[in-house]
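**Student:** Residue numbers (the working numbering), protein chains in the order written: chain A, 1 to 110; chain B, 1001 to 1116.
For every residue, glycine included, the Cβ atom is placed at its ideal position computed from N, Cα and C.
Since this is a predicted model, take the numbers as computed values, not measurements.
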Amino acid sequence: GQQLNQSPQSMFIQEGEDVSMNCTSSSIFNTWLWYKQDPGEGPVLLIALYKAGELTSNGRLTAQFGITRKDSFLNISASIPSDVGIYFCAGQDSNYQLIWGAGTKLIIKP
Amino acid sequence: DTGVSQDPRHKITKRGQNVTFRCDPISEHNRLYWYRQTLGQGPEFLTYFQNEAQLEKSRLLSDRFSAERPKGSFSTLEIQRTEQGDSALYLCASSPNPSPDLNEQFFGPGTRLTVL
Chain A
1 GQQLNQSPQS MFIQEGEDVS MNCTSSSIFN TWLWYKQDPG EGPVLLIALY KAGELTSNGR
61 LTAQFGITRK DSFLNISASI PSDVGIYFCA GQDSNYQLIW GAGTKLIIKP
Chain B
1001 DTGVSQDPRH KITKRGQNVT FRCDPISEHN RLYWYRQTLG QGPEFLTYFQ NEAQLEKSRL
1061 LSDRFSAERP KGSFSTLEIQ RTEQGDSALY LCASSPNPSP DLNEQFFGPG TRLTVL
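(1) Once you ignore the five residues that flank Arg1120 (chain B) on each side, which residues in its own chain have a CB closer than 6 Å to its CB?
(2) Taking 8 Å as the CB-CB cut-off, is Pro110 (chain A) touching chain B?
(3) What does DSSP give as the partner residue(s) for Asn58 (chain A) in the beta ladder?
(4) Got a sec? Which residues, its chain only, sit under 7 Å from Phe65 (chain A) by beta carbon, not counting five neighbours each side?
(5) For Tyr87 (chain A) and Gly1110 (chain B), what's the separation of their Cα atoms in angstroms?
(6) Going by alpha carbons, who is nearest to Ser1073 (chain B) out of B:Pro1025, B:Ser1066, B:Pro1043 and B:Asn1018?
(7) Across which residues does DSSP place Gln37 (chain A) in a beta bridge pair?
(8) Is it the case that the Cβ atoms of Arg1059 (chain B) and Gly1016 (chain B) are separated by a distance below 8 Å?
(9) Could you work out which residue in A:Ile76, A:Ile67 and A:Arg69 is closest to Ser61 (chain A) when comparing CA atoms only?
(10) Just the Cα atoms here: how many angstroms apart are Trp34 (chain A) and Gly1003 (chain B)?
(11) Given a threshold of 16 other Cβ atoms within 10 Å of its Cβ, counted over all protein chains shown, does Asn1103 (chain B) qualify as buried or as exposed?
(12) In angstroms, rounded to a whole number, what distance separates the CA positions of Gly42 (chain A) and Ser1005 (chain B)?
(13) Over the uninterrupted beta strand (DSSP E) stretch that includes Phe1074 (chain B), give me the two end residues.
(14) By alpha-carbon positions, which one of A:Pro81, A:Leu98 and A:Lys36 ends up nearest to Gln14 (chain A)?
(15) Please list, in chain order, the residues of the region 1084-1111 of chain B that have any C-beta partner in chain A closer than 7 Å.
(16) Assuming contact is defined by CB atoms lying nearer than 8 Å, are Ala90 (chain A) and Leu74 (chain A) in contact in what I supplied?
(17) Counting along the chain, where does the beta strand (DSSP E) carrying Asp1007 (chain B) start and finish?
(18) So is Gln1041 (chain B) in contact with chain A if we call contact Cβ pairs under 8 Å?
(19) Thinking Leu1046 (chain B) and Arg1036 (chain B) are a contact (beta carbons under 8 Å), I'd like their distance in whole angstroms, please.
(20) Report the residues of the region 79-105 of chain A with a CB closer than 7 Å to any CB of chain B, ordered along the chain.
(21) Do Leu1077 (chain B) and Phe1021 (chain B) come within 8 Å of each other at the CB atom, strictly closer than that value?
(22) With a threshold of 8 Å between beta-carbons, can Phe1021 (chain B) be considered close to chain A, or not?
(23) Going along the chain, which residues of the region 28-61 of chain A sit with their C-beta nearer than 9 Å to a C-beta in chain B?
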């Protein structure tokens, strides 16, 4: 079963707002990956983090690898309608296997 | 398009029938993974290949499931005697050989299986 705790489970945002989500684990991971999945599609890689403390940006997205190697967060600044979707964190263990969170669903308020 | 491709995108079958899915990874990616995803959950690991060798299988992969990657390129996942509980999105991913500084898996669009 899954070993990552991803929160929040869902978020209702207004266009232009900043968004923050995070993942925590009881285990240490060597890599954290953040993916976005649109309905009917496979996950698309957003950001990969390889070193504890690493802070990486990809456009309006910023993610950090926690110093304890047991957590990571993803921020989205100035959200736009196409940001809607489900965001997954995944931690890579020492065997290079990915352990996945349950996802954070991002919804735009009408 | 040089991404991961999967075929078919959708499959509807009756309980008890056999189904086979195909995955074509990104060229020269040594590793190929199969995952299963149900609604509201992240992908669950099923199995992976390093070239043509199947190196690990999850406990989720019952005897009814079999995967092959005969030439180290495309892979097939077969489910025999399908059950309603097999209904899910079956995802394939590929990656180059992983290292401490690089392990990014790239996913295909998935095959949506519905067992009636």
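**Tutor:** In short:
(1) Limits of chain B in this structure are 1001 at one end and 1116 at the other, which puts residue 1120 (chain B) out of reach.
(2) Numbered from 1 along the first sequence, position 110 holds the residue referred to as residue 110 (chain A). Cβ-Cβ to chain B under 8 Å: no for Pro110 (chain A).
(3) Here residue 58 (chain A) refers to the residue found at position 58 of the first sequence. The partner list for Asn58 (chain A) (beta bridge, DSSP) reads A:Leu61.
(4) Working through the first sequence from its first residue, we reach residue 65 (chain A) at position 65. Only Trp32, Leu49, Lys51, Ala52, Gly53, Glu54 and Ser72 meet the Cβ criterion.
(5) To locate residue 87 (chain A), count along the first sequence from 1; it is residue 87. To locate residue 1110 (chain B), count along the second sequence from 1; it is residue 110. Whole-angstrom Cα-Cα distance: 17 Å.
(6) Reading the second sequence from its first residue, position 73 is the one you call residue 1073 (chain B). Here the closest residue by C-alpha is B:Pro1025.
(7) Translated into positions along the first sequence, residue 37 (chain A) becomes position 37. Bridge partners of Gln37 (chain A): A:Ile86.
(8) As a first step, residue 1059 (chain B) must be located in the second sequence, where it is residue number 59. As a first step, residue 1016 (chain B) must be located in the second sequence, where it is residue number 16. Contact: no.
(9) Here residue 61 (chain A) refers to the residue found at position 61 when the first sequence is read from its first residue. Sequence check: residue 61 (chain A) is Leu here, not Ser. Here the closest residue by C-alpha is A:Ile76.
(10) The residue labelled residue 34 (chain A) in the question sits at position 34 within the first sequence. The residue labelled residue 1003 (chain B) in the question sits at position 3 within the second sequence. One C-alpha to the other measures close to 18 Å.
(11) Walking along the second sequence from the start, residue 1103 (chain B) turns up at place 103. That one is buried.
(12) Residue numbering aside, residue 42 (chain A) sits at position 42 when the first sequence is read from its first letter. Residue numbering aside, residue 1005 (chain B) sits at position 5 when the second sequence is read from its first letter. The alpha-carbon atoms of Gly42 (chain A) and Ser1005 (chain B) are separated by roughly 10 Å.
(13) Here residue 1074 (chain B) refers to the residue found at position 74 when the second sequence is read from its first residue. Element bounds for Phe1074 (chain B): n/a, residue is neither H nor E.
(14) On the first sequence, position 14 is the one that residue 14 (chain A) refers to. The residue with the shortest Cα to Cα distance from Gln14 (chain A) is A:Pro81.
(15) Leu1091, Pro1098, Pro1100, Asp1101, Asn1103, Glu1104, Gln1105, Phe1106, Phe1107, Gly1108, Pro1109 and Gly1110
(16) Along the first sequence, read from residue 1 onward, the residue named residue 90 (chain A) stands at position 90. Along the first sequence, read from residue 1 onward, the residue named residue 74 (chain A) stands at position 74. No, the Cβ-Cβ distance between Ala90 (chain A) and Leu74 (chain A) is not below 8 Å.
(17) By 1-based counting over the second sequence, the position of residue 1007 (chain B) is 7. Where Asp1007 (chain B) is concerned, the enclosing beta strand (DSSP E) stretches over Ser1005 to Asp1007.
(18) Working through the second sequence from its first residue, we reach residue 1041 (chain B) at position 41. Answer yes: the Cβ-Cβ gap between Gln1041 (chain B) and chain A drops below 8 Å somewhere.
(19) On the second sequence, position 46 is the one that residue 1046 (chain B) refers to. On the second sequence, position 36 is the one that residue 1036 (chain B) refers to. Their Cβ separation, rounded to whole angstroms, is 6 Å, which keeps Leu1046 (chain B) and Arg1036 (chain B) in contact under 8 Å.
(20) Phe88, Gln92, Tyr96, Gln97, Leu98, Trp100, Gly101, Ala102 and Gly103
(21) Within the second sequence, residue 1021 (chain B) is the residue found at index 21, counting from 1. Within the second sequence, residue 1077 (chain B) is the residue found at index 77, counting from 1. Yes. Within cutoff.
(22) Here the question's residue 1021 (chain B) lines up with position 21 in the second sequence. Phe1021 (chain B) does not count as touching chain A.
(23) Asn30, Thr31, Leu33, Tyr35, Gln37, Gly40, Glu41, Gly42, Pro43, Val44, Leu45, Ala48, Tyr50 and Lys51
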